[in-house]
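Data first, discussion second: the structure below is written as structure tokens.
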Amino acid sequence: MTNAHEALYNQLLDYTAVIHCSTKIAAVLLILFATPQKMRPLSLYLLNGMLWNFAANIVLAFVHIYPLFPVLCFRIDGLASSANTTITGQALFVALIVCVLNCTSAHAAIFFYRYMIFAHTATLVKWRYRCRFILAIWHTATAGITVVVYGACMTATAERNLRICFKTDGWQHPTAVMALLLSFAFAIAVGTISTVLLLYSFHKKKAVMSPQLLNSHKGILRVLLAVTTVPAFFGAVPVTVIVIYTLQPQLPFAKEIVLVFLVIIANYGSIYAVVVIVAIKPYREAACSSLLGMLCCKRTHHG
Numbered sequence: 073m074t075n076a077h078e079a080l081y082n083q084l085l086d087y088t089a090v091i092h093c094s095t096k097i098a099a100v101l102l103i104l105f106a107t108p109q110k111m112r113p114l115s116l117y118l119l120n121g122m123l124w125n126f127a128a129n130i131v132l133a134f135v136h137i138y139p140l141f142p143v144l145c146f147r148i149d150g151l152a153s154s155a156n157t158t159i160t161g162q163a164l165f166v167a168l169i170v171c172v173l174n175c176t177s178a179h180a181a182i183f184f185y186r187y188m189i190f191a192h193t194a195t196l197v198k199w200r201y202r203c204r205f206i207l208a209i210w211h212t213a214t215a216g217i218t219v220v221v222y223g224a225c226m227t228a229t230a231e232r233n234l235r236i237c238f239k240t241d242g243w244q245h246p247t248a249v250m251a252l253l254l255s256f257a258f259a260i261a262v263g264t265i266s267t268v269l270l271l272y273s274f275h276k277k278k279a280v281m282s283p284q285l286l287n288s289h290k291g292i293l294r295v296l297l298a299v300t301t302v303p304a305f306f307g308a309v310p311v312t313v314i315v316i317y318t319l320q321p322q323l324p325f326a327k328e329i330v331l332v333f334l335v336i337i338a339n340y341g342s343i344y345a346v347v348v349i350v351a352i353k354p355y356r357e358a359a360c361s362s363l364l365g366m367l368c369c370k371r372t373h374h375g
């Protein structure tokens, strides 16, 4: 790939980083201050996923991962390259992996919560703080395991030239890649099973619940399913493709394909934030009010 393509790749990530940070900050503020009281527990799970994604965007603002396939190495570009040390790049690289994994599990937890709050309300109310503590332990364990596996997969190659290289032989490489794929599959399974169980609970309680309350829960589920299409198509699919090409870096056009999907992942955060704001009515109304207020202030100032 030519230097022109490398420059374009870095410029795209630099420009999108500015957009992502501003969009994600706006979304986080809306979730914090525009959530109705009855939606507050759900908003904590939405905020959890949003913050992990925001953290990934911040990491991508500093480090640009450039694959050097067919060699199983990645070059550190972006602001992190100015440190002239691979340690900084390694720390940011593993932080990015942790953010992606925890963002995935955070999305799965949203659907599990929706099922529990509908089908087992009393149990969830009793265990609500314990559930949040368990999720925090899960995120912490994910980070710890990722760091250990990452260290086992690295080679001692080149603490120079800002390169990160991984072992191509032994059990570490295929085990780590399969673990990544299985973690995504597990999150999808949790979300799917929770949704199926929730639909089954709708059917069971249809005769004893008021139509208004049942429609309210169904509406929330439809919103969550619509919101989840963004992580599925702009997050899970690109990450899966990247993992597959990392497992087989000698495939034709592996570098070019991975670069394209890295740009897609870099833009996923803003798309997700916008969809969450548009799909959920209180956030949509708060965003419209804020925009109208800004426009009115601007017109008054110019007038």
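Take the working numbering: the final residue in the sequence shown is number 375, and no numbers are missing along the way. Each residue gets a CB set at the ideal place from its N, CA and C atoms; glycine is no exception.
One alpha carbon belongs to Cys145, the other to Ala259, and they sit about 28 Å apart. No Cβ-Cβ contact shorter than 7 Å links Pro142 with Pro324. Thr88 is not a Cβ neighbour of Asn287, given a cutoff of 7 Å. Beta-carbon to beta-carbon, Leu296 and Arg202 are separated by about 23 Å, too far to satisfy the 8 Å threshold. With the rule of 3 Cβ pairs closer than 8 Å, the stretch 238-252 does not count as touching the stretch 153-167. Rounded to the nearest angstrom, the gap between the Cα atoms of Cys171 and Asn120 is 11 Å. The stretch 302-320 and the stretch 331-351 touch, with no fewer than 3 CB-CB distances between them shorter than 8 Å. According to the DSSP assignment, His245 belongs to the alpha helix (DSSP H) that extends over Gln244 to Lys277. Excluding residues up to 5 positions away in sequence, Phe134, Val135, Thr160, Gly161 and Leu164 lie with their Cβ nearer than 6 Å to the Cβ of Ala152 in the same chain. In the DSSP annotation of this structure, the continuous segment of the alpha helix (DSSP H) that includes Phe190 starts and ends at Thr158 to Ala191.
Boundaries of the beta strand (DSSP E) around Phe146: Cys145 to Asp149. Selection Leu80, Ala248 and Leu101 evaluated against Ala358 yields Leu101 as nearest (Cα-Cα).
If you compare the alpha carbons of Ala194, Ala99, Tyr222 and Met226 with that of Arg356, the shortest gap goes to Ala99.
It is roughly 20 Å from the alpha-carbon of Thr264 to the alpha-carbon of Trp210. Within the same chain, Cβ atoms closer than 8 Å to the Cβ of Lys96 are found at Met122, Asn125, Phe126, Asn129, Gly341, Ser342 and Ala345, the five residues on either side in sequence being excluded. Here Phe238 carries a strand assignment [DSSP, helix/strand/coil].
Ile314 is not a Cβ neighbour of Val335, given a cutoff of 7 Å.
Cβ contact annotation for Leu168 (same chain, cutoff 8 Å, sequence separation greater than five): Ala128, Val131, Leu132, Val135 and Ile137, in chain order.
Contact between Ile236 and Thr158 holds, since their C-beta atoms are separated by about 7 Å, short of 8 Å. Following the DSSP letters along the chain, one finds Pro113 inside the alpha helix (DSSP H) bounded by residues Arg112 to Phe134.
Look at Pro108 here: in three-state DSSP terms it is coil, with no helix or strand label.
The C-alpha of Ala261 is placed about 18 Å away from the C-alpha of Ser273. With 16 or more neighbouring CB atoms inside 10 Å of its own CB, Gly307 falls in the buried class. Non-local beta-carbon contacts of Ala351 in its own chain, meaning distances under 8 Å to residues more than five positions away in sequence, involve Val295, Ala298 and Val299 in chain order.
Around the Cβ of Leu254, a 10 Å sphere holds fewer than 16 other Cβ atoms; the residue is exposed. Here Gly150 is buried. Its C-beta has 16 or more other C-beta atoms within 10 Å. For Ile352, the three-state secondary structure derived from DSSP is coil. A check of alpha carbon separations from Tyr222 across Ala251, Gln284 and His275 identifies Ala251 as the nearest.
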